[in-house]
Amino acid sequence: MPALTYPHVGATRAGDLPAGWRHVRHRVRLPEGTFDAAGEAVLSWHLHRAAGIRIDASADRAAPGVRVVSGLGVGPLRLAAPCEVVWAVDDGSRAGFGYGTLPGHPARGEEAFLVGRDGSGEVWFEVRAFSRPDRWFMRAAGPAGRVFQHAYAWWLGRTLRRLCARRG
Numbered sequence: 011m012p013a014l015t016y017p018h019v020g021a022t023r024a025g026d027l028p029a030g031w032r033h034v035r036h037r038v039r040l041p042e043g044t045f046d047a048a049g050e051a052v053l054s055w056h057l058h059r060a061a062g063i064r065i066d067a068s069a070d071r072a073a074p075g076v077r078v079v080s081g082l083g084v085g086p087l088r089l090a091a092p093c094e095v096v097w098a099v100d101d102g103s104r105a106g107f108g109y110g111t112l113p114g115h116p117a118r119g120e121e122a123f124l125v126g127r128d129g130s131g132e133v134w135f136e137v138r139a140f141s142r143p144d145r146w147f148m149r150a151a152g153p154a155g156r157v158f159q160h161a162y163a164w165w166l167g168r169t170l171r172r173l174c175a176r177r178g
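Residue numbers (the numbering used here): 11 to 178.
Next up, the structure:
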């Protein structure tokens, strides 16, 4: 089986992202009382699918060792991004996972999707990532690639808020 394409495996779990990499941190407050639904949407891939991402995963839920290929785009223009879940949590105050890139992914690095409750009981969704371009078109994209990463995190947050509002 192919190995992960980057060092610092698991760094997104604690949030101490390594220096020298592009960082993404996006946090959005979710509606009150939606922790369970939001956590399940993240861990079951429902969030990504609802956001329009094609997900082919080796399991129905995110867990360490699960392989997943995300696909963005349509038909021959679909970009495949193979990853492996490197950590997952579902402990009543946090639910989510981090996955790292495998060979064939357009970037190298790790991305995490985490729902959590703060000390006052508010529910938050956070995307954290560190990456570097790995394929020529990602390097050529330059700043546009970074804009896309931030827009993707924003879109996931918006999608999860919408999913939670439907359940509330």
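Backbone N, C-alpha and C fix where the C-beta goes; we use that ideal spot for every residue, glycine too.
What residues match up with residue i in a beta bridge as DSSP calls it?
i, result
"S141", "R32 and G119"
"A105", "D100 and V125"
"F183", "Because the chain here runs from 11 to 178, residue 183 falls outside it and cannot be looked at."
"R77", "E94"
Considering just the uninterrupted stretch of the alpha helix (DSSP H) at residue i, what are its terminal residues?
i, result
"L53", "F45 to L53"
"A60", "H56 to A60"
"A13", "Premise fails: A13 is in no alpha helix (DSSP H) and is neither H nor E."
Kindly indicate which residue of the options has the alpha-carbon position closest to the one of residue i.
i, options, result
"E94", "A69, A105, Q159 and A175", "A69"
"Q159", "A51, L40, D101 and H36", "H36"
"S80", "A175, G102, P116 and A47", "P116"
"S54", "L170, A175 and R176", "L170"
"P113", "P143, G129 and A105", "P143"
"L82", "A98, R71 and A61", "A61"
List the endpoints of the continuous beta strand (DSSP E) containing residue i.
i, result
"L89", "L89 to D100"
"A69", "Per DSSP, A69 belongs to no beta strand (DSSP E) and is neither H nor E."
Checklist entry - Counting Cβ pairs closer than 8 Å, one from the stretch 71 to 83 and one from the stretch 18 to 30, do we hit at least three? => result no
Checklist entry - With contact counted as at least three CB pairs below 8 Å, one residue from each stretch, are the stretch 97 to 105 and the stretch 125 to 136 in contact? => result yes
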